[in-house]
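Asks: The opening position of the sequence shown corresponds to residue 383 in this note's numbering, with each subsequent residue numbered one higher.
Backbone N, C-alpha and C define an ideal beta-carbon position, used for all residues, glycine too.
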Amino acid sequence: MPNRYEDALHRAIDKFRRTSALAAQAGVIPYKSEPGGPWIGSPYDGNSWWTGGFWPGLMWQCYAATREEAFLREARRAQRLLTDEFRAFRYLNHDVGFMYLLSCGADYRLTGDRQAREDTLHAASLLMGRFNPAGFIRAWNEPERTGYAIIDCMMNLSLLFWASRETHDPRFAKVARIHADTTLREFLRPDGSVSHIIEFDPDTGARVREWPGQGYALGSQWSRGQAWGLYGFTLAFRNTGDRRYLDAACAIADNFVRHIRPDGLTDCDFCQPPTEERIDNLAGAIAACGLIELADAAETPAWRDAALRLLDGLLAHCCDWTEARCGVLTMCTASYHDDGAGRHTNLTYGDYFLVEALARLCGTDPGLWI
Ligand code: GLY
383 MPNRYEDALH
393 RAIDKFRRTS
403 ALAAQAGVIP
413 YKSEPGGPWI
423 GSPYDGNSWW
433 TGGFWPGLMW
443 QCYAATREEA
453 FLREARRAQR
463 LLTDEFRAFR
473 YLNHDVGFMY
483 LLSCGADYRL
493 TGDRQAREDT
503 LHAASLLMGR
513 FNPAGFIRAW
523 NEPERTGYAI
533 IDCMMNLSLL
543 FWASRETHDP
553 RFAKVARIHA
563 DTTLREFLRP
573 DGSVSHIIEF
583 DPDTGARVRE
593 WPGQGYALGS
603 QWSRGQAWGL
613 YGFTLAFRNT
623 GDRRYLDAAC
633 AIADNFVRHI
643 RPDGLTDCDF
653 CQPPTEERID
663 NLAGAIAACG
673 LIELADAAET
683 PAWRDAALRL
693 LDGLLAHCCD
703 WTEARCGVLT
713 MCTASYHDDG
723 AGRHTNLTYG
733 DYFLVEALAR
743 LCGTDPGLWI
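1. So is the beta-carbon of arginine 606 under 7 Å away from any non-hydrogen atom of the ligand GLY?
2. Quick check: does the Cβ of glutamine 596 come within less than 7 Å of any heavy atom belonging to the ligand GLY?
3. Tell me the rounded alpha-carbon separation between aspartate 551 and alanine 488.
4. Between the beta-carbon of cysteine 714 and the beta-carbon of glycine 724, is there less than 8 Å?
5. Examine the ligand GLY and report whether any of its heavy atoms sits within less than 7 Å of the Cβ of alanine 716.
6. Taking the Cβ atom as the reference point for each residue, do leucine 696 and leucine 729 lie within a distance shorter than 8 Å?
7. Between cysteine 535 and histidine 504, which are expected to be in contact by the criterion C-beta below 8 Å, what is the C-beta distance as a whole number of angstroms?
8. Expressed to the nearest angstrom, what Euclidean distance is found between the alpha-carbon atoms of arginine 591 and threonine 616?
9. How many Å lie between asparagine 523 and asparagine 475 at the Cα?
10. Since isoleucine 752 contacts asparagine 621 with CB under 8 Å, what's their CB separation in whole angstroms?
11. Going along the chain, which residues of its own chain have a beta-carbon closer than 7 Å to the beta-carbon of phenylalanine 513, five neighbours each way excluded?
12. Anyone know if the C-beta pair for glycine 595 and isoleucine 634 falls short of 8 Å?
13. Does the distance from the CB of glycine 517 to the CB of glycine 587 come in under 8 Å?
14. First and last residue of the beta strand (DSSP E) that includes arginine 626?
15. Could you work out which residue in Phe582, Ser402, Cys671 and Trp437 is closest to glutamate 705 when comparing CA atoms only?
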């Protein structure tokens, strides 16, 4: 008799078995879905938008659990669109980690495909090229943002650690460690929360200021940023064995878990006004994955219990198993103040992390981040 996580994983795979064909018909890399409508592609920058890897990543998760060729074919269809973006250089940024580790990197991991390996190494070289020797990896491309680094990048570092292992060239991992050390020093606050954006002087590396980014306000706690920090520092520990990263992950996890709502859902910002009902379940799904990994890394089962509280909240309140829309996880919010990328809706990256968390619990997760 399957438990509720196995049941949910099967239901999710079943739904994506049906709706992945609609993505191929539409010719898009799914970004989100609304009730009654088709898959919708990215809101900005076409197929260079940072979320493009989550759909093929989701297909690879489904493939790892079922070995059905249709999932492999759909992952590779989306991957071709992503590797075409290597030529649209002006848009690609530090999020090549998210984009290519979950797509080409997953392909190489699961099938041994040599071109997928080359494409993943190509992405790692692009990420290396963003390193500023003043001590950080540059986040975005706007000319006025040469000194910006963001907490999300902790997740992208896995691409560099992987590249060093794959090529036996320590450069990639050294850059990742310098960036992780800067993040540890400049982003982690005494209460265990993390900043979203820190601007550095691009010549000297000196801290200039913090920016509120996708959160509610300066100094607040954007929940998805907290989740990136939690999972990212856990992965940095996994990649290096450096206990300072594990301690940081535990501090961030402590703070995150204190803010889980009684219904198991996640506020968009832990400092948002109490009168503001703004949810981001995507943050909860990412944190659940990070907490499951952290429970193992820190040998602390309580982190896994917290992950189950988050997952139980998502399964009880915010999973759409009907035919009404193409995706599953609802009430995801891309950014506190910018509704253009989606507010209280299904986002494919939320579906990815929901399925990764379920796959971790059911033993089918292929481990795409390490
Ligand atoms: N990496 C950007 C975001 O989480 O929205």
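Replies: Answer, in terms of the structure:
1. By 1-based counting over the sequence shown, the position of residue 606 is 224. Arginine 606: yes, Cβ under 7 Å from the ligand GLY.
2. Counting from one through the sequence shown, the residue named residue 596 turns up at place 214. Because some heavy atom of the ligand GLY lies under 7 Å away, the Cβ of glutamine 596 counts as near it: yes.
3. Residue numbering aside, residue 551 sits at position 169 when the sequence shown is read from its first letter. Residue numbering aside, residue 488 sits at position 106 when the sequence shown is read from its first letter. Aspartate 551 and alanine 488: Cα-Cα distance of roughly 21 Å.
4. Position 332 of the sequence shown, counted from the start, is the residue given in the question as residue 714. Position 342 of the sequence shown, counted from the start, is the residue given in the question as residue 724. Yes, they are a contact pair.
5. Counting from one through the sequence shown, the residue named residue 716 turns up at place 334. The answer is yes for alanine 716.
6. Counting from one through the sequence shown, the residue named residue 696 turns up at place 314. Counting from one through the sequence shown, the residue named residue 729 turns up at place 347. For leucine 696 and leucine 729, no; Cβs fall outside 8 Å.
7. Counting from one through the sequence shown, the residue named residue 535 turns up at place 153. Counting from one through the sequence shown, the residue named residue 504 turns up at place 122. Actually they do not touch by this definition, with Cβ atoms about 19 Å apart.
8. Here the question's residue 591 lines up with position 209 in the sequence shown. Here the question's residue 616 lines up with position 234 in the sequence shown. Taking the straight line joining both Cα atoms gives about 26 Å.
9. Indexing the sequence shown from 1 puts residue 523 at position 141. Indexing the sequence shown from 1 puts residue 475 at position 93. Those two C-alpha atoms are separated by around 7 Å.
10. What you label residue 752 is simply residue 370 of the sequence shown in a count that begins at 1. What you label residue 621 is simply residue 239 of the sequence shown in a count that begins at 1. Correct: roughly 7 Å between the Cβ atoms.
11. Residue numbering aside, residue 513 sits at position 131 when the sequence shown is read from its first letter. Closer than 7 Å at Cβ, skipping near neighbours: Ile519 and Val557.
12. As a first step, residue 595 is located in the sequence shown; it is residue number 213 there, counting from the start. As a first step, residue 634 is located in the sequence shown; it is residue number 252 there, counting from the start. No, they are not a contact pair.
13. For the purposes of this step, residue 517 is taken as the residue at position 135 of the sequence shown. For the purposes of this step, residue 587 is taken as the residue at position 205 of the sequence shown. Taking 8 Å as the Cβ cut-off, glycine 517 and glycine 587 qualify as a contacting pair.
14. The sequence position of residue 626 within the sequence shown is 244, counting from 1. First-last for arginine 626: 625-640, but that is the alpha helix (DSSP H), not the beta strand (DSSP E).
15. Counting from 1 along the sequence shown, the entry for residue 705 is found at position 323. It is Ser402 whose Cα lies nearest to the Cα of glutamate 705.
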